[in-house]
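Using the working numbering, you'd call the opening residue of the sequence shown number 1115 and step up by one each time. No residue lacks a Cβ here, since even glycine has one placed at the ideal position from N, Cα and C.
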Amino acid sequence: MSKTKSHRRAIPSNPPQPQRAELSYDEALRLAIAMHQDRRVLAAEKLYRKLVEVRPDDPNPLHFLGVLLHQDGKSEEALAMIDRSLEMDPGVASWHNNRGNVLLMLQRADDARAAYERCRELEPANPAVANNLGCLLRAMGEVDAAEALFRELLAREPAFADAHTNFANLLVETRRVQEAMHHFGTSLELRPDDPKANRMMGMIFAHSGQPEKAAQAFERWIAAEPDNPQPRHHLAAVTGRNAPERASDDYVSKLFDSFSLSFDERLAFLEYRAPSLVAELLQRLAPEARGDLAVLDAGCGTGLCAPFLAPYARELIGVDLSGGMLDKARERGGYHELVKAELVGYLQHHPARFDLIVSADTLCYFGRIDAAMKAAAQALRPGGRLIFTVEALSGEVPEPAGYRLQLHGRYAHERAYVEACLAEAGLQVSAVESVVLRQEVGEPVSGWLVGAQRPAA
1115 MSKTKSHRRA
1125 IPSNPPQPQR
1135 AELSYDEALR
1145 LAIAMHQDRR
1155 VLAAEKLYRK
1165 LVEVRPDDPN
1175 PLHFLGVLLH
1185 QDGKSEEALA
1195 MIDRSLEMDP
1205 GVASWHNNRG
1215 NVLLMLQRAD
1225 DARAAYERCR
1235 ELEPANPAVA
1245 NNLGCLLRAM
1255 GEVDAAEALF
1265 RELLAREPAF
1275 ADAHTNFANL
1285 LVETRRVQEA
1295 MHHFGTSLEL
1305 RPDDPKANRM
1315 MGMIFAHSGQ
1325 PEKAAQAFER
1335 WIAAEPDNPQ
1345 PRHHLAAVTG
1355 RNAPERASDD
1365 YVSKLFDSFS
1375 LSFDERLAFL
1385 EYRAPSLVAE
1395 LLQRLAPEAR
1405 GDLAVLDAGC
1415 GTGLCAPFLA
1425 PYARELIGVD
1435 LSGGMLDKAR
1445 ERGGYHELVK
1455 AELVGYLQHH
1465 PARFDLIVSA
1475 DTLCYFGRID
1485 AAMKAAAQAL
1495 RPGGRLIFTV
1505 EALSGEVPEP
1515 AGYRLQLHGR
1525 YAHERAYVEA
1535 CLAEAGLQVS
1545 AVESVVLRQE
1555 VGEPVSGWLV
1565 GAQRPAA
């Protein structure tokens, strides 16, 4: 919730407590703001709503109610309140910034950008909106514009920890790791418990062969966000202790919800090839697309596989754990149904349901894949096909389990293990091909492109 310079609209840092049993309107507004700041959400919401009822022409309680609703996860209603407040008083710069934050949560990137830019027109030196706009431009793939904005911002505000972290993320994506580490380091000097900076420093240390320093960064991340499953997953990856057999559902959903706004742009930058590889193998194994198949896109993400699956499908269903990804897939279109569900459980509840199941870059979040292969076999009709990718684990010394949790947090699998799981599930191998799935930190990520088939009855 942004503060403003207007004395009428600014939230006081320490509003005085009322001394009388009956409050004036201004005192009641200050009390609502104080409860809001103390995170007494229900009481603050109730009082804000009463103030709106008493004085519907005052935009202040309307706007602050909108901010509270957004913070409470009710972003659609929040936007309506904030829009009403701005209709009454469109000249408050920080309110446009707040509106942009709500629009961003609602996946309306272009509208969020317009709101941030309007804030900058009204208050060009506002550091919060410059930071927000820089992050949005980066997410939209406008890297040069984002970089220029961050450099300008940090020249004015060198002690802005969030801006250092966000600019460092951009530098990592553009392979300027040393400069990124400088900005992450500055951010951590300013705010040692910053979870975003500790996350990225941990990842950089892990990839540069410094697991002890990576573990320290992930432990600081855990301390800052004890309920977040992501740092525990990455700590297990760098230490080898308590490594799970698969990533938790909570980890996967949080990870991809956070990526959903910029997922396609980031994958284009990484030269992501899994969907196109799956499409090529499908065309080789089933060259005629007659539009008569029941097709499942298992781990559909933003729907990148839909265009090449649609010609095969009488019915095309996408399933994913991330609501944010499913929203993007819904925007892209092409699916008859989109389902938020855990993949193995979904397959187990749909026996003999599908003629074709594809899974592009989903099983890299599974270590053990035997249960997934059995569930897929059960969900296929006789003669049905399964096509998927996994990351490849290679090395002179075989891994006892057949898979390994890698430093980046995904799993890699040995070819022999994949083939053994298929055989155990009763699936016949059609193809296992060595491929490059993407580029990461300038290096190719190797994988297996796999085709299998349930025997005809």
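Inset, instruction - Evaluate S1127 with the Cβ neighbour count: other Cβ atoms within 10 Å of its Cβ, from every protein chain shown; 16 or more gives buried, anything less gives exposed. - result: Mapped onto the sequence shown, residue 1127 falls at position 13. Because the pLDDT at S1127 is just 49, under 50, the model does not fix this residue reliably, and the value given afterwards should be weighed accordingly. S1127 is exposed by the Cβ-count criterion.
Inset, instruction - Whole angstroms is fine: what's the gap from S1616's alpha carbon to A1157's? - result: In the structure displayed, the chain extends from 1115 to 1571; residue 1616 sits before or after that span and is not available.
Legend entry - Distance between V1206 and H1348 (C-alpha atoms, nearest Å): As a first step, residue 1348 must be located in the sequence shown, where it is residue number 234. As a first step, residue 1206 must be located in the sequence shown, where it is residue number 92. In a straight line, the C-alpha of H1348 is about 42 Å away from that of V1206.
Legend entry - Per DSSP, the bridge partner or partners of V1550: Stepping through the sequence shown from its first residue, residue 1550 is reached at position 436. Looking at the DSSP output, V1550 bridges to S1560.
Legend entry - Residues near L1500 in its chain [Cβ-Cβ closer than 6 Å; skip 5 each side]: The count along the sequence shown starts at 1 and reaches residue 1500 at position 386. When the five nearest sequence neighbours on each side are left out, the beta carbons in the same chain lying within less than 6 Å of the beta carbon of L1500 are those of I1471, A1490, A1566, in order along the chain.
Legend entry - Start-to-end residues for the alpha helix (DSSP H) that takes in E1303: For the purposes of this step, residue 1303 is taken as the residue at position 189 of the sequence shown. Boundaries of the alpha helix (DSSP H) harbouring E1303: 1291-1304, taken from the DSSP string.
Legend entry - R1568, DSSP secondary structure in three states: Taking the first residue of the sequence shown as position 1, residue 1568 is located at position 454. If DSSP states are grouped into helix, strand and coil, R1568 belongs with coil.
Legend entry - Rounded separation between K1442 and Y1139 - CA only: In the sequence shown, counting from the first residue as 1, residue 1442 sits at position 328. In the sequence shown, counting from the first residue as 1, residue 1139 sits at position 25. When rounded, the distance between both Cα atoms is 44 Å.
Legend entry - DSSP three-state assignment for V1504, whether helix, strand or coil: Along the sequence shown, one-based indexing puts residue 1504 at 390. Three-state DSSP puts V1504 in a strand.
Inset, instruction - Could you check the C-alpha separation between D1484 and P1496 for me, to the nearest Å? - result: Within the sequence shown, residue 1484 is the residue found at index 370, counting from 1. Within the sequence shown, residue 1496 is the residue found at index 382, counting from 1. When rounded, the distance between both Cα atoms is 19 Å.
Legend entry - At least three beta-carbon pairs within less than 8 Å, the stretch 1316-1327 to the stretch 1299-1306: Contact between the stretch 1316-1327 and the stretch 1299-1306 is absent, because fewer than three Cβ pairs lie under 8 Å.
Inset, instruction - Please state if the CB of A1229 and the CB of L1217 are separated by a distance shorter than 9 Å. - result: The count along the sequence shown starts at 1 and reaches residue 1217 at position 103. The count along the sequence shown starts at 1 and reaches residue 1229 at position 115. Cβ distance < 9 Å, so L1217 and A1229 count as in contact.
Inset, instruction - Could you check what DSSP says for S1372 in three-state terms: helix, strand or coil? - result: Your numbering for residue 1372 matches position 258 in the sequence shown. In the structure shown, S1372 adopts helical secondary structure according to DSSP, grouped into three states.
Inset, instruction - Can you grab the Cα-Cα spacing for the pair K1119 / V1291, in whole Å? - result: Residue 1119 sits at position 5 when you count from the first residue of the sequence shown. Residue 1291 sits at position 177 when you count from the first residue of the sequence shown. Because the pLDDT at K1119 is just 40, under 50, the model does not fix this residue reliably, and the value given afterwards should be weighed accordingly. A direct Cα-to-Cα measurement between K1119 and V1291 gives close to 38 Å.
Inset, instruction - Give me the Cβ distance between V1559 and V1532, rounded to the nearest whole Å; I'm assuming they're in contact under 8 Å. - result: By one-based count along the sequence shown, residue 1559 stands at place 445. By one-based count along the sequence shown, residue 1532 stands at place 418. Not quite, the Cβ-Cβ distance comes to about 16 Å (not below 8 Å), so this is no contact.
Inset, instruction - Output yes or no for whether 9 Å exceeds the beta carbon distance between T1476 and A1412. - result: Sequence index remark: in the sequence shown, residue 1476 carries index 362 (1-based). Sequence index remark: in the sequence shown, residue 1412 carries index 298 (1-based). Between T1476 and A1412, the gap from beta carbon to beta carbon is short of 9 Å.
Inset, instruction - Quick one: using the 10 Å Cβ neighbour count with 16 as the cut-off for buried, is V1543 buried or exposed? - result: One-based indexing of the sequence shown puts residue 1543 at position 429. With fewer than 16 other Cβ atoms from the protein chains shown falling within 10 Å of its own Cβ, V1543 counts as exposed.
Legend entry - Residue of R1482, F1480, C1478, G1417 minimising C-alpha distance to E1451: Translated into positions along the sequence shown, residue 1451 becomes position 337. Residue G1417 is the option with its Cα nearest to E1451.
Inset, instruction - Return yes when at least one heavy atom of the ligand HEM lies under 8 Å from the C-beta of T1503, else no. - result: For the ligand HEM, the structure offers nothing, since it holds no ligand at all.
Inset, instruction - For A1427, I'd like the list of residues in its chain whose CB is within less than 7 Å of its CB, leaving aside the five on either flank, ordered along the chain. - result: Within the sequence shown, the letter at position 313 stands for residue 1427. So the list reads G1405, L1407, V1409, once near-sequence residues are dropped.
Inset, instruction - Tell me whether S1199 sits in a helix, a strand or coil according to DSSP, three-state version. - result: The residue you call residue 1199 lines up with position 85 of the sequence shown. Note: S1199 maps to helix in three-state DSSP.
Inset, instruction - Compare the beta carbon distance of R1265 and L1247 with 9 Å and say whether it is the shorter of the two. - result: Residue 1265 sits at position 151 when you count from the first residue of the sequence shown. Residue 1247 sits at position 133 when you count from the first residue of the sequence shown. Not closer than 9 Å, so no.
Legend entry - contact_flag[the stretch 1447-1463, the stretch 1333-1345] where n(CB pairs < 8 Å) is 3 or more: Taking a cut-off of 8 Å on C-beta distances, the stretch 1447-1463 does not touch the stretch 1333-1345, as fewer than three cross pairs fall below it.
Legend entry - Simplified DSSP assignment, three categories, for D1172: Your numbering for residue 1172 matches position 58 in the sequence shown. Three-state DSSP puts D1172 in coil, outside helix and strand.
Legend entry - Option nearest R1607 by Cα separation, candidates L1183, Q1520, D1171: Past the edges of the chain, shown from 1115 to 1571, lies residue 1607, and the structure says nothing about it.
Inset, instruction - List the DSSP bridge partners of I1431. - result: Within the sequence shown, residue 1431 is the residue found at index 317, counting from 1. For I1431, which the question treats as bridged, DSSP gives the partners L1410, E1451.
Legend entry - Contact the stretch 1179-1186 vs the stretch 1160-1171: 3+ CB pairs below 8 Å: The stretch 1179-1186 is in contact with the stretch 1160-1171.
Inset, instruction - Could you pull the start and end residues of the beta strand (DSSP E) that I1471 belongs to? - result: Taking the first residue of the sequence shown as 1, we reach residue 1471 at position 357. Note, I1471: beta strand (DSSP E), 1468-1473.
Legend entry - Cβ neighbours of E1191 in the same chain (closer than 6 Å, five flanking residues each side left out): Within the sequence shown, residue 1191 is the residue found at index 77, counting from 1. For E1191, where only same-chain residues beyond five positions count, the Cβ hits under 6 Å are L1183.
Legend entry - Three-state secondary structure (DSSP) of F1480: Along the sequence shown, one-based indexing puts residue 1480 at 366. Here F1480 sits in strand by DSSP.
Inset, instruction - Throw me the rounded Cβ distance for the V1257 and L1236 pair, which I believe falls under 8 Å. - result: Looking up residue 1257 in the sequence shown gives position 143. Looking up residue 1236 in the sequence shown gives position 122. Actually they do not touch by this definition, with Cβ atoms about 26 Å apart.
Inset, instruction - Could you work out which residue in D1197, L1423, E1538 is closest to R1482 when comparing CA atoms only? - result: The residue you call residue 1482 lines up with position 368 of the sequence shown. Ranked by Cα distance from R1482, the first of D1197, L1423, E1538 is E1538.
Legend entry - Cβ neighbours of N1215 in the same chain (closer than 8 Å, five flanking residues each side left out): Indexing the sequence shown from 1 puts residue 1215 at position 101. If we look at N1215 and ignore the five residues flanking it on each side, its Cβ neighbours are H1184, A1226, N1246.
Inset, instruction - Please check the pair G1498 and D1469, which I expect to be a contact at CB under 8 Å, by giving their CB distance rounded to whole angstroms. - result: Here residue 1498 refers to the residue found at position 384 when the sequence shown is read from its first residue. Here residue 1469 refers to the residue found at position 355 when the sequence shown is read from its first residue. With a beta-carbon spacing of about 5 Å, G1498 and D1469 fall inside the 8 Å limit used to define contacts.
Inset, instruction - Just the C-alpha distance for E1315 and A1328, rounded to the nearest angstrom, thanks. - result: Within the sequence shown, numbered from 1, the residue matching residue 1315 stands at position 201. Within the sequence shown, numbered from 1, the residue matching residue 1328 stands at position 214. Position check: residue 1315 holds Met in this sequence, whereas Glu was assumed. Rounded to the nearest whole angstrom, the C-alpha separation of M1315 and A1328 is 7 Å.
Inset, instruction - Output yes or no for whether 9 Å exceeds the beta carbon distance between A1262 and E1271. - result: Here the question's residue 1262 lines up with position 148 in the sequence shown. Here the question's residue 1271 lines up with position 157 in the sequence shown. Result no, Cβ atoms of A1262 and E1271 do not sit closer than 9 Å.
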